[in-house]
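**Q**
2 protein chains.
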Amino acid sequence: MTRRSSSVTIRDVAKQAGVSIATVSRYINQTATVSPEVASRLDEVLETLKYVPHTAARNLATQKTNAIGLLLTYNIYGDFFAPMLRGIEEVIADAGFNLLISSNLSRDGNTHSPALGPNNTDGILGYADSLTESVLAHFYHTKFPVVLIYRASPPHLPIPCVTVENKAASKEIVDHLIDVHHRRRIIFLRGPEHQEDSYWREMGYRTSLEAHNIPYDAELVWPGEFEREVAQTTMIELILAGVEFDAVFAGDDDAAIGVLAALREMGKRVPEDVSVVGFDDQRSSPYLTPSLTTVRAPTEEVGRVAAQQIIKLIRGGQADPLTLLPTEIVIRNSCGCQSD
Amino acid sequence: MTRRSSSVTIRDVAKQAGVSIATVSRYINQTATVSPEVASRLDEVLETLKYVPHTAARNLATQKTNAIGLLLTYNIYGDFFAPMLRGIEEVIADAGFNLLISSNLSRDGNTHSPALGPNNTDGILGYADSLTESVLAHFYHTKFPVVLIYRASPPHLPIPCVTVENKAASKEIVDHLIDVHHRRRIIFLRGPEHQEDSYWREMGYRTSLEAHNIPYDAELVWPGEFEREVAQTTMIELILAGVEFDAVFAGDDDAAIGVLAALREMGKRVPEDVSVVGFDDQRSSPYLTPSLTTVRAPTEEVGRVAAQQIIKLIRGGQADPLTLLPTEIVIRNSCGCQSD
DNA sequence: CCGGTTACTGTAACCGGTTACAGTAACCAT
DNA sequence: ATGGTTACTGTAACCGGTTACAGTAACCGG
Chain B
3 MTRRSSSVTI RDVAKQAGVS IATVSRYINQ TATVSPEVAS RLDEVLETLK
53 YVPHTAARNL ATQKTNAIGL LLTYNIYGDF FAPMLRGIEE VIADAGFNLL
103 ISSNLSRDGN THSPALGPNN TDGILGYADS LTESVLAHFY HTKFPVVLIY
153 RASPPHLPIP CVTVENKAAS KEIVDHLIDV HHRRRIIFLR GPEHQEDSYW
203 REMGYRTSLE AHNIPYDAEL VWPGEFEREV AQTTMIELIL AGVEFDAVFA
253 GDDDAAIGVL AALREMGKRV PEDVSVVGFD DQRSSPYLTP SLTTVRAPTE
303 EVGRVAAQQI IKLIRGGQAD PLTLLPTEIV IRNSCGCQSD
Chain A
3 MTRRSSSVTI RDVAKQAGVS IATVSRYINQ TATVSPEVAS RLDEVLETLK
53 YVPHTAARNL ATQKTNAIGL LLTYNIYGDF FAPMLRGIEE VIADAGFNLL
103 ISSNLSRDGN THSPALGPNN TDGILGYADS LTESVLAHFY HTKFPVVLIY
153 RASPPHLPIP CVTVENKAAS KEIVDHLIDV HHRRRIIFLR GPEHQEDSYW
203 REMGYRTSLE AHNIPYDAEL VWPGEFEREV AQTTMIELIL AGVEFDAVFA
253 GDDDAAIGVL AALREMGKRV PEDVSVVGFD DQRSSPYLTP SLTTVRAPTE
303 EVGRVAAQQI IKLIRGGQAD PLTLLPTEIV IRNSCGCQSD
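Protein sequence lines, in the order shown, are assigned to chains B and A. The opening residue of the first sequence carries number 3 in this note's numbering; numbering runs sequentially from there. The opening residue of the second sequence carries number 3 in this note's numbering; numbering runs sequentially from there.
1. With distance defined between alpha-carbon atoms, name the residue in A:281, A:201, A:230 and A:87 nearest to residue 171 of chain A.
2. For residue 129 of chain B, which residues does DSSP report across the bridge?
3. From the DSSP output, which residues share a beta bridge with residue 69 of chain A?
4. Taking residue 138 of chain B as the reference, which of B:300, B:177, B:73 and B:274 has the closest Cα?
5. Under a three-way DSSP split, which group does residue 165 of chain B fall into?
6. Quick check on residue 219 of chain B - is its C-beta less than 9 angstroms from some C-beta in chain A?
7. How would you call residue 111 of chain A, buried or exposed, if buried means at least 16 neighbouring beta carbons within 10 angstroms?
8. Below 7 angstroms CB to CB, which residues in the same chain sit around residue 92 of chain A once its five sequence neighbours on both sides are set aside?
9. Which one of A:235, A:237, A:277 and A:291 has the shortest CA to CA distance from residue 180 of chain A?
10. With a 10 Å radius around its C-beta and 16 neighbouring C-beta atoms as the bar for buried, classify residue 185 of chain B as buried or exposed.
11. Can a CB atom of chain A be found closer than 9 angstroms to the CB of residue 81 of chain B?
12. Using a Cβ cut-off of 8 angstroms, pull out every chain B residue sitting near residue 101 of chain A, in sequence order please.
13. Give every residue of the same chain whose Cβ lies closer than 8 angstroms to the Cβ of residue 332 of chain B, excluding the five residues on either side of it in the sequence, and list them in chain order.
14. Using C-beta distances below 6 angstroms, list every residue in its chain close to residue 167 of chain A, excluding the 5 sequence neighbours before and after it, in chain order.
15. Quick check: what's the CA-CA separation for residue 66 of chain B versus residue 55 of chain A?
16. Would you list the one or two residues that DSSP bridges to residue 191 of chain B?
17. Around the Cβ of residue 243 of chain B, are there at least 16 other Cβ atoms within 10 angstroms (buried) or fewer (exposed)?
18. For the stretch 229–237 of chain B and the stretch 253–262 of chain B, state whether three or more C-beta atom pairs, one from each stretch, are separated by less than 8 angstroms.
19. According to the neighbour-count rule (16 or more other Cβ atoms, all chains shown, within 10 Å of its Cβ), is residue 145 of chain A buried or exposed?
20. To which residues does DSSP link residue 74 of chain B through a beta bridge?
21. Between residue 313 of chain B and residue 163 of chain B, what straight-line distance do the alpha-carbon atoms span, to the nearest angstrom?
22. Determine the DSSP secondary structure at residue 13 of chain B, reduced to helix, strand or coil.
23. Report the residue from A:214, A:234 and A:154 whose alpha carbon sits nearest the alpha carbon of residue 191 of chain A.
24. Express the C-alpha separation of residue 340 of chain A and residue 148 of chain B in angstroms, rounding to a whole number.
25. Would you mind giving the Cβ-Cβ distance between residue 118 of chain B and residue 102 of chain B, rounded to the nearest angstrom? I have them listed as a contact below 8 angstroms.
26. Between the Cα of residue 53 of chain B and the Cα atoms of B:9, B:128 and B:169, which residue gives the shortest distance?
27. Are the CB atoms of residue 165 of chain A and residue 151 of chain A nearer to each other than 9 angstroms?
28. Any beta-carbon of chain B closer than 9 angstroms to the one on residue 62 of chain A?
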């Protein structure tokens, strides 16, 4: 066939304007000055021909892709995902990069290499456990820019990461339950095992108990998996089993919704009989009944910061080893307070 | 400098294996058979060298990018976004494409050409009004594959689109209000002007009224903008203005949340005094008080279908001019029914 | 033994840009 | 006039793949 692509190339422009392709390239990229006459002639030709440089050709020549990859895990549910993406997209677009997204559930099973990497991106953002440790190690040793989101870097791989402060806010919200509402038997619903957020939230919970001389009681800590249904059935079982408690720290807001449903179902009043608190401050949390006391995580900011970090790295700079974004507790009614 | 990129190229592989680069290429792409000895030698070399073909080079040579673009508008809030993306990503990944995302809020203001187009994607998915009509026309005439999501194609541009059935379900839910709950003065809260979903939902509302011989009353139709706050203040004003009504079709679930808040604030009971229904069935809708009667839109399916269509187009096939995904009303308590 | 397949392989010309290097002309100071 | 700048421009060699075309050897039927 040898049919050239129908698109207009730099040579077409050069011919039309009566200059060499090098001049066209230089003018377009502003990498050298061009005589005024040539400039205006080029302006005109570029306009009439509607020339757009071919990305692949440019990438090949410059050895840059101008794209940043975002690696996701399959479980992109949840409210927090859209804001995170917005944060990322915003700064990436402003910096003139494109965003490439891939989730690692790809059909090729567990090929150790992800769909995004050095050959099609200038750097990648790895969400949670979307990257295995071995891939991470490989990227690290080849100095390929990577920033981790919602995940700490593995032991011997000092890869920059950005996530939110879980422990302090968890302690604070449990403190609130104890200090303000005099709760002492507080159930904690864990997230998925080996999940970092979950781990640190539990640490916050334990730290608060310790600080108040309340012994840790294994009978009060159960799986909630950050999921509504799981939390709901767990709570129902606990109640049926006769476990005594006066408050629930649900792990996250999704689980809190399940807890609320379970308590209503079992005839317990919130917040009179039991206080309930969550973590995340989802969009719907203010509108639950009662409105949910929880912890606000600056999700969009996480995205923004992560994007800034990877861009800094790509530009040859240093990134911060660890960015822990502050969280704040937001008091509503489910704990027993009377907010507006 | 002339420093070659550190990455291993097809020539390195060829040299190591003692064959020509053409042979390596053919083996990798399975475009021709290769003798068994060469094959096994290549397997080995590929493995030890960890060769990964350079995407840009391949794109340049084949004139394909193997990527699909998704154009977004700035307002990617909302629950519906994550599922839509999941649907898209799922089928795109399965088909071996990459997903490129860009929102059109880019700093270069309203440059008429979007960041994603023929030079860096094989086809694009345009969400809502992310593409201007003139760009759409240009793509259409150059036969560049485009599929529209949540938007109908403009008059003279038969571009495939996939969206959700709004009118029938809206009529059905208003029918329910009238037939089952004997409501007659039903407020409708419009979405943003010129928004297609909003238009068809209003058509459904009107059609239902007509079918029941209830005259359309302009006093009952007000802006809700699909936003919580707007809906809430609108409702409060209406009540203060003394408008009589016994039901509200909120336009969408977000607005319904605002309506619920306004009614509570003004001392009206739902559903005893007024029935409230929404549209979308957001994740939180079952957990509102009372649980929200609404319409379920198959958002993830929209993403999947759109992705399938664009892939079909890219592969040279025909796409369906219009895919209208069915919606279904889901009855809960806010209308007055007693669901579980 | 010979012509025609079949199976495989290599050479070299692309794809569409960027950029090192060399060259030209104009200008300036000596 | 001479040499040294400065300002601009063109030639051609890349970047790392794909693929048309040509070539070779082995095999097969007559």
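For glycine and all other residues, C-beta sits at the position ideal for the given N, C-alpha and C.
**A** The structure says:
1. Per the Cα distances, A:281.
2. DSSP output for residue 129 of chain B lists B:151 as bridge partner(s).
3. BP columns for residue 69 of chain A point to A:100.
4. Cα-wise, what sits closest to residue 138 of chain B is B:73.
5. Look at residue 165 of chain B here: in three-state DSSP terms it is strand.
6. For residue 219 of chain B, the answer is no, since every Cβ of chain A falls outside 9 angstroms of its Cβ.
7. Confidence is the limiting factor: at residue 111 of chain A the pLDDT is only 44, short of 50, which leaves the residue's position unreliable, though a coordinate-based value still follows. By the neighbour-count rule (16 or more Cβ atoms within 10 Å), residue 111 of chain A is not buried but exposed.
8. Listed in chain order, the non-local C-beta contacts of residue 92 of chain A below 7 angstroms within the same chain comprise 306, local neighbours out to five positions each way being set aside.
9. Comparing Cα-Cα distances from residue 180 of chain A to each of A:235, A:237, A:277 and A:291, the minimum goes to A:277.
10. With 16 or more other Cβ atoms within 10 Å, it is buried.
11. Yes, residue 81 of chain B counts as interfacial toward chain A.
12. 102, 103 and 104, listed in chain order.
13. These residues qualify, in order along the chain: 283, 295, 296, 297 and 298.
14. Only 326, 328 and 329 meet the Cβ criterion.
15. Their Cα atoms are separated by approximately 15 angstroms.
16. For residue 191 of chain B, which the question treats as bridged, DSSP gives the partners B:224.
17. Result: exposed.
18. Result yes; three or more Cβ-Cβ pairs closer than 8 angstroms.
19. For residue 145 of chain A, the number of other beta carbons within 10 angstroms of its own is below 16, and it is reported as exposed.
20. For residue 74 of chain B, which the question treats as bridged, DSSP gives the partners B:105.
21. The C-alpha of residue 163 of chain B is placed about 13 angstroms away from the C-alpha of residue 313 of chain B.
22. Three-state result, residue 13 of chain B: helix.
23. For the residues A:214, A:234 and A:154, the minimum Cα distance to residue 191 of chain A belongs to A:234.
24. C-alpha separation (whole angstroms): 52 angstroms.
25. With a Cβ gap of about 6 angstroms, residue 118 of chain B and residue 102 of chain B count as contacting.
26. Ranking B:9, B:128 and B:169 by Cα distance to residue 53 of chain B puts B:9 first.
27. The answer is yes: Cβ separation under 9 angstroms.
28. So, interface residue.
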